[in-house]
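Shown next, in structure tokens, is the structure this report addresses.
In the numbering used here, the protein residues as written are 18 to 134.
Next comes the structure, spelled out in structure tokens:
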């Protein structure tokens with residue numbers, strides 16, 4: 018089993034920044050993809066960004082140039098640096114880990130991000 022614990026959400030004004038962290042523990046296979054989805058009220062859960070264990074990244078078009086995903090494999094932790102935040106970034110952000118060979122996905126409990134003046 019894999020456990021994911023997120024931190025770093027909160028309330029921020031438009032144009033501000035937040036950094037989300039997600040620490041994985043348990044039976045972690047070294048080849049995996051970690052990343053973040055988000056879900057706003059009444060909307061589907063969408064991929065925000067992902068990063069492979071080889072540091073290949075992928076971003077949703079809506080966050081390109083504003084968000085940066087990174088990972089520390091020694092700590093089994095993934096980070097999401099969010100800059101120039103907009104009200105439309107308001108959502109619950111969920112960390113995930115996908116095991117390469119099985120495609121099994123594990124999820125964090127979610128952390129709330131609110132962008133408002």
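Virtual Cβ for every residue (Gly too), placed ideally from N, Cα, C.
Would you call residue i buried or exposed, if buried means 16 or more other Cβ atoms sit within 10 Å of its Cβ?
{"i": "residue 106", "result": "buried"}
{"i": "residue 53", "result": "buried"}
{"i": "residue 21", "result": "buried"}
{"i": "residue 91", "result": "exposed"}
{"i": "residue 122", "result": "exposed"}
{"i": "residue 26", "result": "buried"}
{"i": "residue 117", "result": "exposed"}
{"i": "residue 28", "result": "exposed"}
I need the DSSP call for residue i, collapsed to helix, strand or coil.
{"i": "residue 79", "result": "helix"}
{"i": "residue 106", "result": "helix"}
{"i": "residue 42", "result": "strand"}
Residues in its own chain within less than 6 Å of residue i by CB, not counting five upstream and five downstream?
{"i": "residue 67", "result": "50, 52 and 75"}
{"i": "residue 23", "result": "39, 112, 125 and 128"}
{"i": "residue 102", "result": "29, 33 and 132"}
If residue i sits next to residue j, beta carbons under 8 Å apart, how far is it from one beta carbon to the other, in whole angstroms?
{"i": "residue 110", "j": "residue 127", "result": "7 Å"}
{"i": "residue 31", "j": "residue 119", "result": "The pair is not a contact, with the Cβ atoms about 40 Å apart (cut-off 8 Å)."}
Kindly list the residues whose CB is nearer than 8 Å to the CB of residue i, restricted to its own chain and excluding five residues on each side of it in sequence; keep chain order.
{"i": "residue 36", "result": "25, 96, 97, 98 and 99"}
{"i": "residue 77", "result": "63, 64, 65 and 66"}
For residue i, which residues of its own chain have a beta-carbon under 7 Å away from its beta-carbon, when the five flanking residues on both sides are left out?
{"i": "residue 79", "result": "none"}
Exercise for the section: Determine, using beta-carbon pairs with one atom in the stretch 79-91 and one in the stretch 50-67, whether at least three such pairs fall under 8 Å. Expected result: yes
Problem - Inter-stretch contact at 8 Å, needing at least 3 Cβ pairs: the stretch 30-47 / the stretch 56-66 - result: no
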